[in-house]
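Written below as structure tokens is the structure these notes are about.
In this note's numbering, the protein residues as written are -15 to 393.
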């Protein structure tokens, strides 16, 4: 702000030790190309402002929100409470839709600055709607990293700020149940499900039934109740009639059913569901097809891997390699490459691919992948007389198995 104010004075304004006077705000706004009100009304927190921020949070926290609705929301607003709430909830939407370009741009151009200042909602002194948005954002971030202790803690804090039985409150209950399941806390997970279903039926919120049954199917599967899990998914599909847009949840139902059938070795039924998914995708617009095709190819890779059909896996890997894929899908590709290389006896290629995807799976805590990678890396390293490396992988495997056992108790 050269020529308008000294650097020290401007620093004190930014630190909120000095007020920003109107005539200076007008000059600064002209240089920045914004209206003076954008600088002068940034801390606005009247009833109308808070209500607007609350409506934005409530709408964008729903699974049924559309890309059109998100795009129509203005990115800029005089009140920071509204503007930052909007950006946080847009980031959640972009992450859920795997729109990495939009997600990263929003952070680099805007969010990173505010997350550094307000990223700890328990400590941040901000209005209630913004505190909710910060917690919701953090929950989605921790879910993407499989950090379920953090998911559980922030979900509990967020639920305490909400009206019991509201749409957003029910969504947070699903997050809590998901976290309990991943942490092997099965009794609390069942309690959350029972509480959720009671509110759904008491308030006749039947459009929430499908999502509740999807969550319950995950609980059943984790408990080893396979048929109950598949039945819950059938109940979820049957109750899609209560949703305005069944396409919001149908891919999740199909995904969960395919993975359950694959992991339990019912590969014939799994392939039927994969083909059904592919037929569903074929009816979608080209952009949607481009997003989902790599997912179905990963299903086929998983099925081939479970069968140890290395020829088929090789073919499916090449089909997956031709797709536009996300980071998680790229790591899946490296994982399949390493398993194929090991089956072919190419230990150097195995090590290269395994070490390429290992840091990602460690960062995201994907236990099933890690158990296999640690064991095979330890064995191959030992065969190559890399005893120090082999010992390190065995220690990691033992630690992982010990933690998993502790989570179950």
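Idealized CB from N, CA, C, for every residue including glycine.
- Secondary structure in the stretch 300 to 352: the alpha helix (DSSP H) runs of 4 residues or longer, each lying completely within the stretch, are 311 to 327 and 331 to 348 in chain order.
- With a cut-off of 8 Å on Cβ pairs, the stretch 175 to 194 is not in contact with the stretch 121 to 141, counting fewer than three such pairs.
- Within the same chain, 246, 249 and 251 come within 7 Å of residue 290 by CB-CB distance, once the 5 residues on both sides are set aside.
- If one requires a minimum length of 4 residues, the alpha helix (DSSP H) runs lying completely within the stretch 50 to 132 are 51 to 56, 64 to 80, 84 to 90, 96 to 102 and 112 to 128, in chain order.
- Where residue 235 is concerned, the enclosing alpha helix (DSSP H) starts and stops at 234 to 247.
- The residues 347, 348 and 349, in chain order, have a CB closer than 8 Å to that of residue 129 in the same chain once the five nearest residues on each side in sequence are set aside.
- Considering only 313, 321 and 371, the residue with the shortest C-alpha distance to residue 295 is 321.
- For residue 221, the enclosing alpha helix (DSSP H) covers residues 210 to 222.
- Burial state of residue 386 is exposed, judged by a 10 Å Cβ sphere holding fewer than 16 other Cβ atoms.
- For residue 334, same chain residues with a beta-carbon under 7 Å away, outside a window of 5 residues either side, are 322, 325, 326 and 364 in chain order.
- Here residue 126 has 132, 134, 135 and 138 as same chain residues with Cβ atoms under 8 Å from its own Cβ, once five neighbours each way along the sequence are excluded.
- For residue 231, the three-state secondary structure derived from DSSP is helix.
- Shown here for residue 146: same chain residues with a beta carbon closer than 8 Å to its own, the five before and five after excluded, namely 116, 152, 153 and 156 in chain order.
- Exposed is the label assigned to residue 211, since fewer than 16 other Cβ atoms lie within 10 Å of its Cβ.
- Scanning its chain for C-beta atoms nearer than 7 Å, with the 5 sequence neighbours on each side dropped, one finds around residue 274 the residues 308, in chain order.
- With respect to the 8 Å criterion, residue 285 and residue 304 are classified as neighbours on the basis of their beta carbons.
- By the neighbour-count definition (other C-beta atoms within 10 Å, threshold 16), residue 194 is a buried residue.
- For residue 30, the secondary structure class from DSSP, reduced to helix, strand or coil, is coil.
- The beta carbon of residue 79 lies closer than 7 Å to those of 87, 124 and 128 in the same chain, with the five residues before and after it left out.
- Residue 269 carries a coil assignment under DSSP once its states are collapsed to helix, strand and coil.
- Pairing residue 272 with residue 120, the inter-Cα distance amounts to about 26 Å.
- Take the alpha-carbon of residue 59 and the one of residue 110: they are about 19 Å apart.
- In this structure, the alpha-carbon of residue 186 lies about 12 Å from that of residue 150.
- Linking residue 342 to residue 67 through their CA atoms gives a straight-line distance of about 38 Å.
- Closest option to residue 242, judged by alpha-carbon separation, among 95, 217, 226 and 223: 217.
- Where residue 200 is concerned, the enclosing alpha helix (DSSP H) starts and stops at 193 to 206.
- Nearest to residue 77 by C-alpha distance, out of 232, 192 and 103, is 232.
- If you draw a 10 Å sphere on the C-beta of residue 162, you find 16 or more other C-beta atoms in it, and that means buried.
- The beta carbon of residue 33 lies closer than 7 Å to those of 63, 65 and 66 in the same chain, with the five residues before and after it left out.
- Pairing residue 205 with residue 234 gives a Cβ-Cβ distance that is not under 8 Å.
- Taken atom to atom, the span from the alpha-carbon of residue 190 to that of residue 226 is near 6 Å.
- Judged by DSSP in its simplified three-state form, residue 167 adopts coil rather than helix or strand.
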